[in-house]
Structure formats: C-alpha cells, structure tokens
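One structure is given here, and the rest of the page talks about it.
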Amino acid sequence: MNLWKDLLPGPDVPHMIHVVVEIPKGSRNKYEFDKSTGMLRLDRVLYSPLHYPGDYGLIPRTLYEDGDPLDVLVMVTEPTFPECIIVARPIGLFRMMDREVPDDKILAVPAMDPLFQDYHDISDIPQHFLREVAHFFAVYKDLEGGAGADAGMGERGSGQGADPSRRPALRGARRGVKDPNRWRPRRDDRRRICFRGPELSPLRREGRDVGGF
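Written out as structure tokens, the structure reads:
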C-alpha cells in the first residue's frame with residue numbers, strides 16, 4: 154500500500170485530516186517519503202544537535218508549491234513511529250520560506266488524545282511552544298552549509314516570515330485521484346495559504362475545480 158496515493162486526506166477534511174508520520178518527535182533522523190514507491194528513506198541525520206519538536210509528516214494525496222506533499226507538525230505527548238497514521242485536527246499554519254520557495258507547515262493536534270481536546274485554534278497553543286517550533290525550523294539546517302528556512306513569529310512583528318495563522322488552507326488533495334503525481338497548484342492559483350473562513354481553496358487544473366475539500 155502506498156500511503157500517499159491510497160490513503161484519503163482525512164475522514165472529515167478540513168476538520169479532521171490523516172497525517173502519515175515520517176519523523177517521530179525527538180528524532181534527529183530526517184526520513185522522507187518516496188511518493189513513487191510508498192516507502193520511507195533516510196535522507197540524512199540532522200547536522201545540528203536538535204530534535205523534531207513534534208511528530209512530523211504529510212497529508213496523503215497533497216502536493217504543495219515546492220512539489221512535495223503538504224507538511225504537518227503534530228503536537229504529541231509521546232512520539233509515535235514512522236508510517237503511523239494519526240487522525241489530527243489542524244489548528245494553525247507556520248508560513249515559511251526555504252531558499253525562496255514556500256515551505257509552510259500545518260500545526261495539528263491528535264484527535265484521539267484528551268490532553269488536546271480543548272485545542273481548537275492557534276491562540277490555544279502555548280506561546281513558548283510556537284517559539285520553539287519557529288526556532289527549530291529557522292536554525293536546523295545551519296550546519297549543513299546551506300540557508301535554513303526563513304522562519305519566525307510573523308504575526309508578532311518579527312519580520313522573518315513565519316505566520317502561525319489561525320486556520321490553514323490545504324491544497325492539492327482530492328478523493329479519488331488516480332495519478333497524484335500529476336497534480337500541482339496552477340501558477341496563477343498560488344494565493345495566500347491563510348484564510349479566515351471555513352472554506353478551503355481547491356486545487357485547480359486547467360481552470361476547473363477538481364473537487365477540493
């Protein structure tokens with residue numbers, strides 16, 4: 154089974170999504186999902202003495218502007234394991250840039266953990282945790298010889314580009330996609346990811362709605 158191609162984006166998108174875990178909380182191993190084979194591979198071990206602040210993974214059947222599945226960081230009390238499927242509730246978005254390419258991260262909480270049952274909005278998240286996440290993504294590539302992600306608390310005036318927004322908009326997923334590798338956002342459909350209403354901007358192909366969430 155290819156978890157990216159065969160698993161639905163979620164049981165009740167956008168309120169509940171599926172997250173396929175690539176990297177468990179506390180790990181320095183940077184695993185990446187291979188869309189063509191459906192398998193995980195070890196991309197690298199982080200050069201910096203840092204660990205992922207939550208379970209990090211992807212939403213099935215999505216593609217973002219960088220050509221990769223949409224990234225999700227799930228707050229967890231205990232780490233899970235690679236390829237674990239978490240039913241999660243999206244509550245915010247970190248707007249980030251990586252080498253001038255949008256590389257946003259959805260922030261979510263596990264739906265089955267009672268500790269997070271009162272977390273419904275970015276304002277419910279402890280501010281220190283948000284700063285930890287922004288700091289991690291800003292510096293975790295520093296020792297690799299390349300530029301790290303342009304990350305920070307954008308809503309609080311840092312000017313560094315990360316925006317832990319109240320609601321995320323998910324792109325690039327739909328039920329019943331036969332060949333997900335072919336689906337990309339159109340160049341003229343790259344709107345702001347943040348939104349205030351309950352609707353999600355659908356992925357468009359050749360100017361037609363193709364059944365977003």
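If you use the numbering used here, the sequence shown corresponds to residues 154 to 366, in order. Glycine included, C-beta positions come from ideal geometry on N, C-alpha and C. As the structure is a prediction and not an experimental result, all values here were calculated from the model.
### Query
Cβ atoms of residue 157 and residue 423: under 8 Å apart, would you say?
Not covered by the structure: residue 423. The range shown for the chain is 154 to 366.
### Query
What does a CB cutoff of less than 8 Å around residue 161 pick up in its chain, not counting 5 residues either side in sequence?
For this step, residue 161 is matched to residue 8 along the sequence shown. So the qualifying residues of the chain are 171, 213, 214, 328.
### Task
Enumerate in chain order the residues of its own chain whose CB-to-CB distance from residue 163 is below 6 Å, with the five nearest sequence positions on each side excluded.
Translated into positions along the sequence shown, residue 163 becomes position 10. The answer, listed in chain order, is 169, 170, 171.
### Query
In chain order, which continuous runs of the beta strand (DSSP E) of length 3 or greater are located wholly inside the region 190-222?
Taken in chain order, the complete beta strand (DSSP E) segments of 3 or more residues contained in the region 190-222 are 192-198, 208-211.
### Identity of the residue in 165, 183, 203 nearest residue 287 by Cα
As a first step, residue 287 must be located in the sequence shown, where it is residue number 134. Distance check between residue 287 and each of 165, 183, 203 places 203 closest, using alpha-carbon atoms only.
### Same chain only: Cβ atoms within 8 Å of residue 174, ignoring 5 sequence neighbours per side
The residue given as residue 174 occupies position 21 in the sequence shown. Within the same chain, residue 174 has close Cβ partners 208, 209, 210, 227, 233, 234, 235, 236, 237, 238, 239.
### Task
Please classify residue 263: is it buried, with 16 or more other beta-carbons within 10 angstroms of its beta-carbon, or exposed?
Along the sequence shown, read from residue 1 onward, the residue named residue 263 stands at position 110. Buried, by the Cβ-count rule.
### Query
Considering only residues of the same chain and omitting the five flanking positions on each side of residue 340, which have a CB-CB separation below 8 Å?
Counting from one through the sequence shown, the residue named residue 340 turns up at place 187. Caution applies to residue 340, whose pLDDT of 36 falls short of 50 and renders its modelled position unreliable; the model cannot decide the point.
### First through last residue of the beta strand (DSSP E) which encompasses residue 284
Along the sequence shown, one-based indexing puts residue 284 at 131. In the DSSP assignment, residue 284 falls outside any beta strand (DSSP E) and lies within the alpha helix (DSSP H) extending over 280-292.
### Query
What are the partner residues of residue 370, as DSSP defines its beta bridges?
Because residue 370 is not part of the residues shown, which for the chain are 154 to 366, the question remains open.
### Query
When the Cα of residue 266 is compared with those of 246, 248, 241, which residue comes out closest?
Within the sequence shown, the letter at position 113 stands for residue 266. For residue 266, the closest of 246, 248, 241 by C-alpha to C-alpha distance is 241.
### Query
What do you get for residue 187, buried or exposed, if any count of 16 or more other CB atoms within 10 angstroms of its CB means buried?
Mapped onto the sequence shown, residue 187 falls at position 34. Residue 187 comes out exposed.
### Bridge partner(s) assigned by DSSP for residue 245
Here residue 245 refers to the residue found at position 92 when the sequence shown is read from its first residue. BP columns for residue 245 point to 260.
#### Entry: Nearest to residue 277 (by Cα), restricted to the options 193, 261, 184
Position 124 of the sequence shown, counted from the first residue, corresponds to residue 277. Nearest C-alpha to residue 277: 261.
### Message
Going by DSSP, what residue range makes up the beta strand (DSSP E) through residue 224?
### Response
Along the sequence shown, one-based indexing puts residue 224 at 71. In the DSSP annotation of this structure, the continuous segment of the beta strand (DSSP E) that includes residue 224 starts and ends at 224-227.
### Task
Out of 225, 159, 250, point me to the one whose CA is closest to residue 292's CA.
Along the sequence shown, one-based indexing puts residue 292 at 139. Checking every option, the nearest Cα to that of residue 292 belongs to 250.
#### Entry: Proximity winner among 195, 155, 246, 220, relative to residue 273 (alpha-carbon distances)
As a first step, residue 273 is located in the sequence shown; it is residue number 120 there, counting from the start. Looking at the Cα atoms, 246 is the closest of the given residues.
### Query
Within this structure, are the beta carbons of residue 196 and residue 178 separated by less than 8 Å?
Counting from one through the sequence shown, the residue named residue 196 turns up at place 43. Counting from one through the sequence shown, the residue named residue 178 turns up at place 25. It is not a contact, given that the beta carbons lie outside the stated cut-off.
### Task
Under 7 Å Cβ to Cβ from residue 180, same chain only, skipping five residues before and after it: list those, please.
Stepping through the sequence shown from its first residue, residue 180 is reached at position 27. So the list reads 204, 205, once near-sequence residues are dropped.
#### Entry: residue 267 (DSSP reduced to helix, strand or coil)
As a working note, residue 267 is residue 114 in the sequence shown. It is helical.
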